[in-house]
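Novice: Structure in structure tokens, see below.
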Amino acid sequence: MTVLLPGATLGVMGGGQLGRMFVHAAQRMGYFTAVLDPDASSPAGRVSHHHVQADYLDEAGLAKLASQADAITTEFENVPAQALARLAAQRFVAPAAAAVAIAQDRALEKEHFTRCGVPCAPNAVVNDEQDLARIGDDLLPGILKTARLGYDGKGQVRVRTREELRAAWDGLKRAPCVLEKMLPLAFECSVVVARGRDGAIVHLPVQHNLHRDGILAVTEVYAGNVAPDQAQRAIEATKAIAAGLQYVGVLCVEFFGLEDGSLVVNEMAPRPHNSGHWSIEGADVSQFELQVRTLAGLPLTQPRQHSPSIMLNLLGDLWFARGAEAVTPDWAAVLALPGTHLHLYGKTEARKGRKMGHLTLTGPSVEAVRAAARQACALLGLPGF
Ligand code: ATP
Ligand code: MG
């Protein structure tokens with residue numbers, strides 16, 4: 001397939017904030033964009049040249065997207081793999097449906113990690129009563145996770161005993177699940193890689209992540225955020241996972257750092273990731289430009305981070321700091337701090353736990369960027385880190 005130069009139209013399945021930032025990156029480079037999303041006012045649909053308002057499996061909608069776009073990617077992993085396969089019959093689609101299907105299913109994902117020689121948390125699949133009965137006590141306390149459709153800690157229950165495990169599985173409507181042993185986490189980190197059609201692979205530096213209530217809250221990216229040998233292992237493991245899938249596109253892999261210094265893989269996302277948003281301002285090539293380049297078949301160059309960076313997620317809770325009525329946070333005060341880059345996704349309604357935007361801080365030194373980020377937290381009423 002030939003390289004798609006600017007002037008071509010790049011399509012994306014899904015109209016959320018990741019799609020919006022993909023659209024921004026594509027348009028900056030001179031591409032036209034098309035977004036398929038059922039929502040009339042989706043964050044990406046509102047900024048795209050074309051918006052196909054249709055369900056992900058709607059045949060007419062898919063045909064329209066395929067007629068408008070020269071190549072198509074996805075911005076969320078729960079896009080039905082059949083829809084991608086359907087589009088691939090007509091257009092170049094990356095990542096491929098087969099890779100997305102693996103990332104959609106925790107059990108398949110873990111099999112893939114194991115095949116690639118990357119250890120995961122001890123776990124067992126729970127598909128039926130027999131599986132439940134076979135679970136060893138060594139997996140408790142654990143976290144029962146639905147195999148499919150979980151995000152931001154949804155579809156997960158922490159269980160200490162067999163009784164709690166059974167009740168949790170009932171609570172999850174006996175959906176196929178994976179029980180993972182609860183591990184003593186020293187820290188969490190993630191790595192974003194981009195792999196081209198020719199197998200060339202580049203990576204962003206390792207990202208240190210702090211989660212609150214199962215949702216990413218803070219990402220810190222600078223030398224020393226993770227011990228160098230662990231950072232190197234995470235990058236090598238992510239590359240092996242991408243290569244093992246014959247992956248084309250941007251892939252993010254999340255890891256747990258354990259107290260004994262070992263590293264285990266948690267999960268992967270077949271798309272740019274919340275923990276990579278800092279790269280828009282903190283690196284010379286962002287994860288969204290990497291997505292554009294892999295889709296268009298443009299060369300990949302190794303991104304270079306030029307500034308220590310910290311990303312703070314802005315959840316809907318911030319709008320309710322003063323009470324039950326939504327009040328816009330004082331962005332002007334935050335923007336008075338040096339090196340702040342405000343991103344709001346254009347979502348009309350603030351809701352608790354909803355990702356409304358993020359704030360990236362870049363600075364000349366780790367100390368400077370940490371100080372500014374702490375001040376931003378104080379101004380916004382966010383907990384410190
Ligand atoms: P997202 O897709 O938004 O990253 P998710 O719903 O897929 O989230 P996970 O990444 O599986 O959820 O888990 C969310 C968080 O819960 C992790 O980032 C980690 O903080 C904690 N967690 C998950 N599994 C374990 C485990 N086995 N041991 C300890 N903590 C865990
Ligand atoms: Mg996760």
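Once you know that position 116 of the sequence shown is 116 in UniProt numbering, the rest is easy, because the numbers rise by one and skip nothing. All C-beta atoms, glycine included, are put in the ideal place defined by N, C-alpha and C. These numbers were taken from a predicted model, which means no experiment stands behind them.
1) I'd like the list of long-range same chain contacts for Asp317, defined as Cβ closer than 8 angstroms, with 5 residues on each side in sequence excluded.
2) Is it true that the CB of Ala88 sits closer than 8 angstroms to the CB of Ala81?
3) Check each candidate in Leu132, Val125, Leu382 and Ala175 and name the one with the smallest Cα separation from Glu163.
4) Between Glu267 and the ligand ATP, is the CB less than 7 angstroms from at least one heavy atom?
5) Going by CA-CA distance only, name the one from Pro272, Glu220 and Gly224 that's closest to Gly14.
6) Given 7 angstroms as the limit, tell me if Met182 has its C-beta closer than that to any heavy atom belonging to the ligand ATP.
7) Beta carbon of Val248, beta carbon of Arg197: below 8 angstroms?
8) May I ask whether a heavy atom of the ligand ATP can be found less than 7 angstroms away from the beta carbon of His358?
9) Where do the ends of the alpha helix (DSSP H) carrying Ala296 lie?
10) Would you mind giving the Cβ-Cβ distance between Gln287 and Val250, rounded to the nearest angstrom? I have them listed as a contact below 8 angstroms.
11) Does the Cβ of Val327 have 16 or more other Cβ atoms within 10 Å, making it buried, or fewer, making it exposed?
12) Between Gly316 and the ligand ATP, is there a pair consisting of the residue's CB and a ligand heavy atom that are separated by less than 7 angstroms?
13) Can you tell me whether Ala321 is buried or exposed? The criterion is at least 16 other CB atoms within 10 Å of its CB, across all chains shown.
14) Output yes if chain B places a C-beta closer than 8 angstroms to the C-beta of Ala167; else output no.
15) Can you find a heavy atom of the ligand ATP that lies under 7 angstroms from the Cβ of Gln104?
16) If I follow the unbroken beta strand (DSSP E) through Gly257, where does it start and stop?
17) Please classify His24 as buried or exposed, where buried requires at least 16 neighbouring CB atoms within 10 angstroms.
18) Contact between the region 296-315 and the region 212-226: three or more CB pairs below 8 angstroms?
19) Along the chain, where does the beta strand (DSSP E) that runs through Val193 open and close?
20) Taking Phe22 as the reference, which of Gly323, His112, Ser365 and Leu295 has the closest Cα?
21) Buried or exposed for Met268, please, with buried defined as at least 16 other CB atoms from any protein chain shown within 10 angstroms of its CB.
22) How is Gln53 classed by DSSP in three states: helix, strand or coil?
23) At a threshold of 7 angstroms, does His211 count as lining the ligand ATP (C-beta to nearest heavy atom)?
24) Check for me: the beta strand (DSSP E) holding Phe32 runs from which residue to which?
25) Quick check: what's the CA-CA separation for Ala235 versus Pro308?
Specialist: According to the structure shown:
1) Lys352 and Gly353
2) no
3) Leu132
4) yes
5) Pro272
6) yes
7) yes
8) no
9) Gln287 to Ala296
10) 6 angstroms
11) exposed
12) no
13) exposed
14) The chain inventory of the structure shown lacks chain B, comprising one protein chain alone.
15) no
16) Gly249 to Leu258
17) buried
18) yes
19) Leu185 to Arg195
20) Leu295
21) buried
22) coil
23) yes
24) Phe32 to Leu36
25) Sequence check: residue 235 is Ile here, not Ala. C-alpha separation (whole angstroms): 19 angstroms.
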